[in-house]
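K.L.:
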Amino acid sequence: MEEAFLLRIKERLQDLNDEIASDTSLGSQFCIGHSYVTPAFDTEIRDPRKWFRQVVHTEIGPLLDEYWFDDIHKAERARERLLEGM
2 MEEAFLLRIK ERLQDLNDEI ASDTSLGSQF CIGHSYVTPA FDTEIRDPRK
52 WFRQVVHTEI GPLLDEYWFD DIHKAERARE RLLEGM
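Read in order, the letters of the sequence shown are residues 2 to 87 in my numbering.
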């Protein structure tokens with residue numbers, strides 16, 4: 002994957018984790034770890050943007066829905082920020 006794309010993912014996850022850590026109902030123990038965006042060694046990724054969107058839709062997004070079950074709009078906004086321009 003191209004380095005600039007990976008840096009964008011890193012920055013967006015850091016922003017999300019900052020939000021999660023500062024949320025008084027969650028905290029730093031709920032931060033999203035790197036394993037969500039670390040593909041298996043033998044995984045071939047032809048389209049990194051499509052792959053990242055899939056990870057957000059199938060893994061990170063549902064987790065955010067659980068975190069903010071009482072404010073689903075907050076979860077949706079966080080998901081949108083992760084995917085903006087991807």
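For each residue, glycine too, the CB sits at the ideal point set by N, CA and C.
Quick one: using the 10 Å Cβ neighbour count with 16 as the cut-off for buried, is residue 8 buried or exposed?
P.N.:
Here the question's residue 8 lines up with position 7 in the sequence shown. Exposed, since its Cβ has fewer than 16 Cβ neighbours within 10 Å.
K.L.:
Quick one: Cα of residue 40 to Cα of residue 74, how far?
P.N.:
Counting from 1 along the sequence shown, the entry for residue 40 is found at position 39. Counting from 1 along the sequence shown, the entry for residue 74 is found at position 73. In a straight line, the C-alpha of residue 40 is about 29 Å away from that of residue 74.
K.L.:
Which of helix, strand or coil does DSSP assign to residue 26?
P.N.:
Your numbering for residue 26 matches position 25 in the sequence shown. Looking at residue 26 - three-state DSSP - the assignment turns out to be coil, as it is neither helix nor strand.
K.L.:
Indicate the three-state DSSP secondary structure (helix, strand or coil) for residue 45 in the structure shown.
P.N.:
The count along the sequence shown starts at 1 and reaches residue 45 at position 44. The answer is coil: DSSP assigns residue 45 none of H, G, I, E or B.
K.L.:
Excluding sequence positions up to five away, which residues of its chain have a Cβ less than 6 Å from the Cβ of residue 35?
P.N.:
Position 34 of the sequence shown holds residue 35. Nothing listed; no residue qualifies.
K.L.:
Helix, strand or coil for residue 10 per DSSP?
P.N.:
In the sequence shown, counting from the first residue as 1, residue 10 sits at position 9. The answer is helix: DSSP assigns residue 10 an H, G or I state.
K.L.:
Give the straight-line distance between the Cα atoms of residue 13 and residue 83, rounded to the nearest whole angstrom.
P.N.:
For the purposes of this step, residue 13 is taken as the residue at position 12 of the sequence shown. For the purposes of this step, residue 83 is taken as the residue at position 82 of the sequence shown. Straight-line Cα distance between these residues: approximately 6 Å.
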